[in-house]
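Data first, discussion second: the structure below is written as structure tokens.
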Amino acid sequence: MAAPPRAAPLAFSAEARTSALGAASFSAPRRGARVRAARPREENFNNHRLLMSSNTNSRSLVCSPCNCAQMALADRRIVNQPDVDKHAGVLAYELVQGNLVQWNSFMDKSIPDPPTAVLLHGILGSRKNWGSFAKRLAQEFPMWQFLLVDLRCHGNSASTKKRGPHTVASTALDVLKLLVQLRLTPRVLVGHSFGGKVALSMVEQAAKPLARPVRVWVLDATPGKVRAGGDGEDHPAELIEFLRRMPTQVSSKQEVVDALVKEQFSMDVARWVATNLHRSSPLGQRSSTSFSWAFDLNGISEMYKSYEDTNLWRIVETVPRGVHINFLKAERSLHRWALEDLQRIHTAEELAADEGGGVEMHVLEDAGHWVHADNPDGLFRILSSTFRIETTIRGMQD
Numbered sequence: 001m002a003a004p005p006r007a008a009p010l011a012f013s014a015e016a017r018t019s020a021l022g023a024a025s026f027s028a029p030r031r032g033a034r035v036r037a038a039r040p041r042e043e044n045f046n047n048h049r050l051l052m053s054s055n056t057n058s059r060s061l062v063c064s065p066c067n068c069a070q071m072a073l074a075d076r077r078i079v080n081q082p083d084v085d086k087h088a089g090v091l092a093y094e095l096v097q098g099n100l101v102q103w104n105s106f107m108d109k110s111i112p113d114p115p116t117a118v119l120l121h122g123i124l125g126s127r128k129n130w131g132s133f134a135k136r137l138a139q140e141f142p143m144w145q146f147l148l149v150d151l152r153c154h155g156n157s158a159s160t161k162k163r164g165p166h167t168v169a170s171t172a173l174d175v176l177k178l179l180v181q182l183r184l185t186p187r188v189l190v191g192h193s194f195g196g197k198v199a200l201s202m203v204e205q206a207a208k209p210l211a212r213p214v215r216v217w218v219l220d221a222t223p224g225k226v227r228a229g230g231d232g233e234d235h236p237a238e239l240i241e242f243l244r245r246m247p248t249q250v251s252s253k254q255e256v257v258d259a260l261v262k263e264q265f266s267m268d269v270a271r272w273v274a275t276n277l278h279r280s281s282p283l284g285q286r287s288s289t290s291f292s293w294a295f296d297l298n299g300i301s302e303m304y305k306s307y308e309d310t311n312l313w314r315i316v317e318t319v320p321r322g323v324h325i326n327f328l329k330a331e332r333s334l335h336r337w338a339l340e341d342l343q344r345i346h347t348a349e350e351l352a353a354d355e356g357g358g359v360e361m362h363v364l365e366d367a368g369h370w371v372h373a374d375n376p377d378g379l380f381r382i383l384s385s386t387f388r389i390e391t392t393i394r395g396m397q398d
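For the sequence shown, the residue numbers in UniProt numbering are 1 to 398.
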């Protein structure tokens, strides 16, 4: 996607320094339809830096950076989250706040936190994937704030060494710990692909700091079996393993692109993967430039295996009271949504309604697995309903 010559708004980021689906095998709903399914039921931050959203575009099964530059974003500043130095670091994050939010994590604890949504990326992604989209949400819903997280082994969190096992559950626990430290009680959790299972695991593990009610969005992922990559398609597990076999340092990004294309990965995937390389040679030594990975590939390999193995159908089929789970299937997803998946979601509807919870299924037209890059306008329209509902509920409570 071509980016217009428009200045995007800025947001400050804070980084933790130390520890703490494809064509479906069933007849798809009509194009653009919203399919209703069951109502089943350690922070020590010393520095800030300006973070601009990524404009990389790609077309693969794994999670690409969000290329949402074509969205109409007004050139205005988003409120930033100041330094916090009371806790050991857990994860690198960015807090994007609407211009009506006047809150930070070390204000008087009697002051309630504003309505908050957590946005979670997928395997081989980073919080930058959500950058432009979060700023658009913050401008449309100025009373809200949006927490973008680099999950363990990814982005700037890769430098914070985590103990294994590297699983969906441990990744979810990291995010829960971060929420406790920031004194945030989110009303909305949005997770793409692997991040969708992380969001479900957060609900499964925590009574607090999750709010009741809480709305969960699982974008292009099922609660159980991962059916990814058919014949001739890029498969993330194969990509991860190939990257692990490459040297930890390379002389140029083009070297990585060429190697991936030679191994029959798509050019778009190869170029996107190369954006995860950071210059590693000392400053001033331009003649001996080298690049290294911005993520922990060994940990990511474990995480993807856990993504394939983790089964969270129980939380969907016995939805806790006050929890509403929304699944979104991309119309052109490379993830296989089997008939079994939809049947189980529909079966959960009455059970959830009886328990005061809910489940709903949506279809995003004209989008592949990278929903926030392929059709950001359509995704924005679908997700906006959640923030309008929650804003209305909060207004009634106040």
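Beta carbons are placed, not taken as given, at the ideal position from N, Cα and C, and that holds for glycine.
**Prompt:** For the alpha helix (DSSP H) that contains L178, what are its first and last residues?
**Reply:** Start at 1 with the first residue of the sequence shown, and residue 178 comes out as number 178. Its alpha helix (DSSP H) spans residues 168–182.
**Request:** Determine the direct distance from the alpha carbon of Q181 to that of N156, and round the result to whole angstroms.
**Result:** Within the sequence shown, the letter at position 156 stands for residue 156. Within the sequence shown, the letter at position 181 stands for residue 181. About 18 Å.
**Request:** Taking M303 as part of the alpha helix (DSSP H), name the residues at either end of that continuous run.
**Result:** Sequence index remark: in the sequence shown, residue 303 carries index 303 (1-based). Per DSSP, the continuous alpha helix (DSSP H) segment holding M303 begins and ends at 297–309.
**Item:** Distance, K329 Cα to N375 Cα
**Value:** The sequence position of residue 375 within the sequence shown is 375, counting from 1. The sequence position of residue 329 within the sequence shown is 329, counting from 1. One alpha carbon belongs to N375, the other to K329, and they sit about 12 Å apart.
**Request:** Can you have a look at I111 and say buried or exposed, based on whether 16 or more other CB atoms are within 10 angstroms of its CB?
**Result:** In the sequence shown, residue 111 corresponds to position 111, counting from 1. Around the C-beta of I111, fewer than 16 other C-beta atoms lie within 10 Å, and the residue is accordingly described as exposed.
**Item:** Cβ neighbours of S252 in the same chain (closer than 8 Å, five flanking residues each side left out)
**Value:** As a first step, residue 252 is located in the sequence shown; it is residue number 252 there, counting from the start. Sequence-distant Cβ neighbours of S252 in its own chain, meaning closer than 8 Å and more than five residues away, are T289, F291.
**Request:** Determine the extent of the beta strand (DSSP E) in which H278 is found, giving its start and end residues.
**Result:** By 1-based counting over the sequence shown, the position of residue 278 is 278. For H278, the enclosing beta strand (DSSP E) covers residues 277–279.
**Message:** Beta-carbon within less than 6 Å of R388's beta-carbon, same chain only, minus the 5 sequence neighbours each way: which residues are those?
**Reply:** Reading the sequence shown from its first residue, position 388 is the one you call residue 388. Cβ within range, chain order: n/a, list empty.
**Request:** Determine the closest residue to residue 399 out of V363, E263, A117, with distance taken between C-alpha atoms.
**Result:** No information on residue 399 is available, as it lies outside the stretch 1 to 398 that the chain covers here.
**Item:** the stretch 117–130 contacting the stretch 148–163, beta-carbon criterion three pairs below 8 Å
**Value:** As far as the Cβ criterion goes, the stretch 117–130 touches the stretch 148–163, which means the pair count is three or higher.
**Request:** Rounded to whole angstroms, what's the CA-CA distance from K225 to P236? Just pull it up for me.
**Result:** Counting from one through the sequence shown, the residue named residue 225 turns up at place 225. Counting from one through the sequence shown, the residue named residue 236 turns up at place 236. Between K225 and P236, the C-alpha separation is close to 15 Å.
**Asked** DSSP beta-bridge partners for M361?
**Response** On the sequence shown, residue 361 is found 361 positions in, with the first residue counted as 1. Residue pairing for M361: DSSP places it in a beta bridge opposite F327.
**Prompt:** Taking the continuous beta strand (DSSP E) assigned at R244, which residues delimit it?
**Reply:** Within the sequence shown, the letter at position 244 stands for residue 244. Per DSSP, R244 belongs to no beta strand (DSSP E); it is in the alpha helix (DSSP H), 236–245.
**Asked** Nearest CA to the CA of V168: which residue from L147, Q145, E204?
**Response** Indexing the sequence shown from 1 puts residue 168 at position 168. For V168, the nearest C-alpha among the options comes from E204.
**Prompt:** L95: which of K109, W130, Q249 sits nearest, CA to CA?
**Reply:** Here residue 95 corresponds to residue number 95 of the sequence shown, with the count starting at 1. Answer by Cα proximity: W130.
**Prompt:** Taking the continuous beta strand (DSSP E) assigned at residue 399, which residues delimit it?
**Reply:** Outside the shown range of the chain (1 to 398) lies residue 399, about which nothing can therefore be said.
**Asked** How about P114 and Q139: do their beta carbons lie closer than 8 Å?
**Response** Residue 114 sits at position 114 when you count from the first residue of the sequence shown. Residue 139 sits at position 139 when you count from the first residue of the sequence shown. Not in contact: P114 and Q139 (Cβ atoms no closer than 8 Å).
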